[in-house]
Amino acid sequence: MALVSADTKISELLTELHQLIKQTQEERSRSEHNLLNIQKTHERMQTENKTSPYYRTKLRGLYTTAKADAEAECSILRHALDKIAEIKSLLEERRIAAKMAGVYSDSDPPRKTMRRGVLMTLLQQSAMTLPLWIGKPGDSPPPLCGAMPANSDYVAKPGDKVAARVKAVDGDEQWILAEVVSYSHSTNKYEVDDIDEEGKERHTLSRRRIIPLPQWKANPETDPEALFSKDQLVLALYPQTTCFYRALIHTPPHRPQDDYFVLFEDTSYADGYSPPLNVAQRYVVACKENKKK
Amino acid sequence: MSELKDCPALKYYDFKPVEHGRVCPRYTAVLGRSDDDGIGIEELDTLQLELETLLSSASRRLRALEEQRQILTDWQDKKGDKRFLKLGKEADLSATPRHSKPKKPKVDGKGSHGPGPGPGRPKSKNLQPKISEYEFNEDPQDMPRNPKNDAPNRFWASVEPYCADITNEEIRVLEELLKPPEDEAEYYKVPALGKHYSQRWAQEDLLEEQRDGARANDKKKGIMGPLSELDAKDVDALLKKSESQHDPPEDGCPFGPLTQRLLQALVEENIISPMEDSPIPDVPVKDSANDGASTSPRSQGKAFSVPHTRSLEARIKEELVSQGLLDTEDRPGTGGDSEDEVLAELHKRQAELKALSAHNRTRKQDLLRLAREETRKQELRQRVRVSDNEVMEAFRRIMAARQKKRTPTKKEKDQAWKALKERDSILKLLDG
Numbered sequence: 001m002a003l004v005s006a007d008t009k010i011s012e013l014l015t016e017l018h019q020l021i022k023q024t025q026e027e028r029s030r031s032e033h034n035l036l037n038i039q040k041t042h043e044r045m046q047t048e049n050k051t052s053p054y055y056r057t058k059l060r061g062l063y064t065t066a067k068a069d070a071e072a073e074c075s076i077l078r079h080a081l082d083k084i085a086e087i088k089s090l091l092e093e094r095r096i097a098a099k100m101a102g103v104y105s106d107s108d109p110p111r112k113t114m115r116r117g118v119l120m121t122l123l124q125q126s127a128m129t130l131p132l133w134i135g136k137p138g139d140s141p142p143p144l145c146g147a148m149p150a151n152s153d154y155v156a157k158p159g160d161k162v163a164a165r166v167k168a169v170d171g172d173e174q175w176i177l178a179e180v181v182s183y184s185h186s187t188n189k190y191e192v193d194d195i196d197e198e199g200k201e202r203h204t205l206s207r208r209r210i211i212p213l214p215q216w217k218a219n220p221e222t223d224p225e226a227l228f229s230k231d232q233l234v235l236a237l238y239p240q241t242t243c244f245y246r247a248l249i250h251t252p253p254h255r256p257q258d259d260y261f262v263l264f265e266d267t268s269y270a271d272g273y274s275p276p277l278n279v280a281q282r283y284v285v286a287c288k289e290n291k292k293k
Numbered sequence: 001m002s003e004l005k006d007c008p009a010l011k012y013y014d015f016k017p018v019e020h021g022r023v024c025p026r027y028t029a030v031l032g033r034s035d036d037d038g039i040g041i042e043e044l045d046t047l048q049l050e051l052e053t054l055l056s057s058a059s060r061r062l063r064a065l066e067e068q069r070q071i072l073t074d075w076q077d078k079k080g081d082k083r084f085l086k087l088g089k090e091a092d093l094s095a096t097p098r099h100s101k102p103k104k105p106k107v108d109g110k111g112s113h114g115p116g117p118g119p120g121r122p123k124s125k126n127l128q129p130k131i132s133e134y135e136f137n138e139d140p141q142d143m144p145r146n147p148k149n150d151a152p153n154r155f156w157a158s159v160e161p162y163c164a165d166i167t168n169e170e171i172r173v174l175e176e177l178l179k180p181p182e183d184e185a186e187y188y189k190v191p192a193l194g195k196h197y198s199q200r201w202a203q204e205d206l207l208e209e210q211r212d213g214a215r216a217n218d219k220k221k222g223i224m225g226p227l228s229e230l231d232a233k234d235v236d237a238l239l240k241k242s243e244s245q246h247d248p249p250e251d252g253c254p255f256g257p258l259t260q261r262l263l264q265a266l267v268e269e270n271i272i273s274p275m276e277d278s279p280i281p282d283v284p285v286k287d288s289a290n291d292g293a294s295t296s297p298r299s300q301g302k303a304f305s306v307p308h309t310r311s312l313e314a315r316i317k318e319e320l321v322s323q324g325l326l327d328t329e330d331r332p333g334t335g336g337d338s339e340d341e342v343l344a345e346l347h348k349r350q351a352e353l354k355a356l357s358a359h360n361r362t363r364k365q366d367l368l369r370l371a372r373e374e375t376r377k378q379e380l381r382q383r384v385r386v387s388d389n390e391v392m393e394a395f396r397r398i399m400a401a402r403q404k405k406r407t408p409t410k411k412e413k414d415q416a417w418k419a420l421k422e423r424d425s426i427l428k429l430l431d432g
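Line order of the protein sequences matches chains D and W. Quick note: the first sequence, position 104, residue 104 per full-length UniProt numbering, numbers continuous. Quick note: the second sequence, position 184, residue 184 per full-length UniProt numbering, numbers continuous.
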């Protein structure tokens, strides 16, 4: 029943989203005219190569209008993106609920193990659609945006993806990609599932062994400070695996949809590092360990 | 400054909006739909990305507009402000605002702007160093650093010597090592027996006493004159005299060791009595008393001052040697002092040394042989490499010919075959 109501909710939201998108376009076409005007004024000013008070006043007026337009456009776009996020969180809730149901009743249909390739694609997908954080002028990026660390009292929610440091069978410690199942405030411990369902392992780990993954992408165009910088030591998800390894940032992303290029510490290469490999913003977290192990 | 003529801060940004038709196809498609068609869940991801693109561009525009507009405002307000602004800008960039909130822009007093983008704010990008520095200072662990991972280098450096090619230099060193050292003979020499320490000490003692005596004599000059004349020669003579007196009973038996051994053997052979080992001490004592020396030499040693013991010993030895029972080499010392512990130890060590150096020599020879073999192989490998290159060269030439759509010339083919065959033959050599 809950699922049915969620379905109707989602379709309602989708309709609202559609409306919002249409409004966005209206807004955009409205401001387009003004922007064109600005461009023309620019050109004229540059050809005349001087700024007379007339132009200055005119430009200022144009700028002010354009700014208001841009604000309106931004606000409506944000609205639309919020809608998308809302829909997605509903979908996510449904997924978690389904998963929980699957866990509690083993009887009907047994959890299918995902094929590895499918899992990798899913991970890529979720990395790509990680929402981009776009602040209003003056806003500084929030925690968990790009490289911004979480607040010290932050508790990851069930379903959140985290990097978890687990002990493997052979005693080695490894950072794996995991999903939070629950958090106990009394013991300060997380219960997490290995994302790679082949393992089907559930780990109980202290919060020190958990690094929440970013919840927003940082926009390199507006908030480059929220990105890891070159040569910084990070933990990054090795491509086609579900494990995090130590790496150095080679190049930070330049555009919102870009990935980092990182050099993994890898002794099979002559200089101790792999060639640059791309890893999505979502799967790059700060490496807290010091060099000494 | 230049701002008198023009405003350099104006960037004349290109505020062209995003061409959504080109950049955001899904967005455009959704726009064209009627309300009934709506949006599918599966479209959300793409839509999100496109909306993000739009929002990103819009907010960039917003920031740029705000900045430019501010410049115009300030400029209009007061020309002098310009310089002020510039200073503020520079200060912002150069100052390191550690442990502090980002500096409030100096011109803030003039109002009309929020705490974020100050009026002096240049292009938004230029402000970034400041913010990032400020942010990262909170967590020093996040500071960029570049740990040089040179463990592999060190490892390979340590392995390198074991895998490197063998050089002529190394072979020469080996050959050098194989030459027997000049001082080898030195270690096998048995130095001549010196004076027994008891004699030497006796002599020294005597000399010392003599000196003491002489000193005493000096005091009582004349009284004991002749005694002071006693010198080293006399000491020797004195010692020799005493030596000859108590020389024979060195171990209480006048017979040489061979004589003793022989007799012992004979005696034991004679007494086949099962009582031999029985606890009746009288029997052996009686026997030994008759045969002399062997079992209880000390008590009766003096009684047997038999003459000719030396010659007897020598004869027995001669006899034994001729019978083949005794090795001449076995007893090198002229005096036949086979019981000498020091000598025995010396022989033992020399034997050890001999064995060890023989072993070392064979090892070195082995090594040299292997090294020579390896150098031969190295040469072959070198040749293989050269011919590998030749083969590759031929391959490339033929491929080039193929690309130009012409059949490789006979010469090229021949060359390729020749290179291949040569390589094969070298490889065979290497394997064989």
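Ideal placement from N, C-alpha and C gives every residue a C-beta, glycine not left out. Here the structure is a predicted model, which means the values were calculated and not measured.
Segment limits, alpha helix (DSSP H) that includes residue i
i: Trp-156/W; result: 151 to 163
i: Lys-136/D; result: Segment: none, Lys-136/D is in no alpha helix (DSSP H) and carries neither H nor E.
i: Pro-25/W; result: 25 to 32
i: Leu-277/D; result: No alpha helix (DSSP H) contains Leu-277/D, which is instead part of the beta strand (DSSP E) from 277 to 279.
i: Ile-171/W; result: 168 to 178
i: Ile-316/W; result: 309 to 323
i: Val-166/D; result: Not the alpha helix (DSSP H): Val-166/D falls in the beta strand (DSSP E), residues 161 to 167.
Neighbour flag for residue i against chain D, beta carbons, 8 Å
i: Val-159/W; result: no
i: Thr-73/W; result: yes
i: Arg-63/W; result: yes
i: Val-30/W; result: yes
i: Tyr-27/W; result: yes
i: Glu-66/W; result: yes
i: Arg-69/W; result: yes
i: Arg-60/W; result: yes
i: Thr-53/W; result: yes
i: Tyr-162/W; result: no
i: Gly-21/W; result: no
Nearest-angstrom Cβ-Cβ length linking residue i and residue j, presumed shorter than 8 Å
i: Val-384/W; j: Ala-419/W; result: The pair is not a contact, with the Cβ atoms about 12 Å apart (cut-off 8 Å).
i: Leu-31/W; j: Lys-22/D; result: 6 Å
i: Leu-177/D; j: Lys-189/D; result: In fact, because the Cβ distance is near 19 Å, the residues do not count as touching under 8 Å.
i: Ala-156/D; j: Trp-175/D; result: With a Cβ gap of about 15 Å, Ala-156/D and Trp-175/D do not count as contacting.
i: Gly-38/W; j: Thr-129/D; result: In fact, because the Cβ distance is near 20 Å, the residues do not count as touching under 8 Å.
i: Pro-142/D; j: Pro-149/D; result: Actually they are not in contact, since the Cβ atoms of Pro-142/D and Pro-149/D sit about 11 Å apart, beyond 8 Å.
Any chain W beta carbon closer than 8 Å to residue i
i: Lys-161/D; result: no
i: Ile-87/D; result: yes
i: Lys-40/D; result: no
i: Ala-280/D; result: no
i: His-18/D; result: yes
i: Leu-132/D; result: yes
i: Ile-10/D; result: yes
i: Arg-207/D; result: no
i: Leu-14/D; result: yes
i: Pro-137/D; result: yes
i: Leu-119/D; result: no
Beta-carbon contacts of residue i that lie in its chain and below 7 Å, excluding the five residues immediately before and after
i: Ser-57/W; result: Val-18
i: Asn-219/D; result: Leu-132, Trp-133, Ile-134, Pro-256
Exposure label - residue i; buried when at least 16 CB within 10 Å
i: Val-279/D; result: buried
i: His-203/D; result: buried
i: His-18/D; result: buried
i: Ile-41/W; result: exposed
i: Lys-161/D; result: buried
i: Val-23/W; result: exposed
i: Arg-376/W; result: exposed
i: Pro-161/W; result: exposed
Element boundaries [beta strand (DSSP E), containing residue i]
i: Glu-352/W; result: First-last for Glu-352/W: 341 to 403, but that is the alpha helix (DSSP H), not the beta strand (DSSP E).
i: Trp-417/W; result: Segment 410 to 431 is the alpha helix (DSSP H) holding Trp-417/W; no beta strand (DSSP E) there.
i: Val-192/D; result: 189 to 194
i: Tyr-260/D; result: 260 to 264
Same chain, Cβ closer than 8 Å to residue i, five either side skipped, listed in chain order
i: Gln-365/W; result: Leu-178
i: Leu-81/D; result: Pro-131
Sequence-distant residues of its chain with Cβ nearer than 6 Å to residue i (five each side left out)
i: Phe-261/D; result: His-250, Thr-251, Pro-276, Asn-278
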